[in-house]
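Below is one structure; the comments refer to it alone.
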Amino acid sequence: KGKTYDDTFGMHFGTKHGSLVQTCVQREKGSKVPMDFVLKLDANGRVLESFIVVPSSLANCIMNSLEKDTWPRPPFAPFYGHMHLEITE
Numbered sequence: 022k023g024k025t026y027d028d029t030f031g032m033h034f035g036t037k038h039g040s041l042v043q044t045c046v047q048r049e050k051g052s053k054v055p056m057d058f059v060l061k062l063d064a065n066g067r068v069l070e071s072f073i074v075v076p077s078s079l080a081n082c083i084m085n086s087l088e089k090d091t092w093p094r095p096p097f098a099p100f101y102g103h104m105h106l107e108i109t110e
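Position in the sequence shown (from 1) plus 21 gives the number in my numbering.
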């Protein structure tokens, strides 16, 4: 169940937050180092806690949106969803 939900989690991120990532990249013209985000979700997909592995202004810009979203209901709670993001030109 967790692996299937990982796919759903990733698709939700791409669909709902792809344009936001581009907006943040344009606004935060800093370093485009790889970023890792972890969201702790409750049974209804609400964010309980969030973590950025290597904080940066770009990562903070993206995380501000991720934290406000309601994600698809996970198979169990708490569920820790991980996203790895690399910005390419």
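Every residue gets a Cβ at the ideal spot worked out from N, C-alpha and C, and that includes glycine.
Note that this is a predicted model, so its numbers are computed, not measured.
query: Using a 10 Å radius around the Cβ and a threshold of 16 neighbouring Cβ atoms, would you call Tyr-26 buried or exposed?; result: buried
query: State buried or exposed for Phe-97, treating a residue as buried only when at least 16 other CB atoms are found within 10 Å of its CB.; result: exposed
query: Can you list, in chain order, the residues of its chain with a C-beta nearer than 6 Å to that of Phe-30? Leave out the 5 residues immediately preceding and following it.; result: Gly-102
query: Return the chain-ordered list of same chain residues with a C-beta closer than 7 Å to the C-beta of Arg-67, the five sequence neighbours on each side being excluded.; result: Thr-91
query: Which residue's Cα is closest to the Cα of Met-32: Ile-108, Pro-93, Glu-49, Thr-109?; result: Pro-93
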